[in-house]
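Participant: Quick one: the structure is below, and I'll ask about it shortly.
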Amino acid sequence: MKIVHTTAPVNVEDLKSFLENDLNTKFKEHRHLDVDLKVVLSGNSLDISIPDLYDDFLFRIEAVNNDELHIIKSEHYTDDVNVLTIEEIMNNLMLDYPGRDNIDYVGEKS
0 MKIVHTTAPV NVEDLKSFLE NDLNTKFKEH RHLDVDLKVV LSGNSLDISI PDLYDDFLFR
60 IEAVNNDELH IIKSEHYTDD VNVLTIEEIM NNLMLDYPGR DNIDYVGEKS
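Take 0 as the starting number for the sequence shown in numbering that gives the first Met the number 0 and just add one per residue.
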């Protein structure tokens, strides 16, 4: 699990819109596949999936205490090329969303 701690509150609805605008475009640029990534809001978390190819979520982003994001990668698809591509894209997007100046910690937790 990746943890991103911010100095500004995180709004999951704004994050959902941000990811919907950028994630599909960047994924298609990298993989040249005609599939759509879905970003689904459920409470304080977002599930990212490709329903046409996978039965379960690929990533889950949980907002914790309004200033921390937990990014969880599904254990079922860890070495899948599409998942690795999404992970690379999200590593950059997660820095862009709150803004690099608003992030005070990025780390990994098992």
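Cβ coordinates follow ideal geometry from the N, Cα and C atoms, glycine included. Since we're looking at a predicted model, the values are computed, not measured.
Okay, do the stretch 73-84 and the stretch 44-55 touch, 3+ Cβ pairs below 8 angstroms being the bar?
Facilitator: Output reads yes: the stretch 44-55 touches the stretch 73-84.
Participant: For Val38, which of helix, strand or coil comes out of DSSP?
Facilitator: As a working mapping, residue 38 is identified with position 39 in the sequence shown. Three-state result, Val38: strand.
Participant: Please go through the same chain and pick out, in chain order, the residues whose beta-carbon is closer than 6 angstroms to the beta-carbon of Met93, but skip the five residues on each side of it.
Facilitator: Your numbering for residue 93 matches position 94 in the sequence shown. If we look at Met93 and ignore the five residues flanking it on each side, its Cβ neighbours are Val3.
Participant: Between which two residues does the beta strand (DSSP E) carrying Ile88 extend?
Facilitator: Here the question's residue 88 lines up with position 89 in the sequence shown. Element bounds for Ile88: not the beta strand (DSSP E) but the alpha helix (DSSP H), Val80 to Asp95.
Participant: When the distance is taken between beta carbons, is Asn65 closer than 8 angstroms to Val9?
Facilitator: The residue labelled residue 9 in the question sits at position 10 within the sequence shown. The residue labelled residue 65 in the question sits at position 66 within the sequence shown. For Val9 and Asn65, yes; Cβs fall inside 8 angstroms.
Participant: For Tyr53, which of helix, strand or coil comes out of DSSP?
Facilitator: Along the sequence shown, read from residue 1 onward, the residue named residue 53 stands at position 54. Three-state DSSP puts Tyr53 in coil, outside helix and strand.
Participant: With a Cβ-Cβ cutoff of 8 angstroms, do Ile102 and Phe58 count as a contact?
Facilitator: The count along the sequence shown starts at 1 and reaches residue 102 at position 103. The count along the sequence shown starts at 1 and reaches residue 58 at position 59. Not a contact, by the Cβ cut-off of 8 angstroms.
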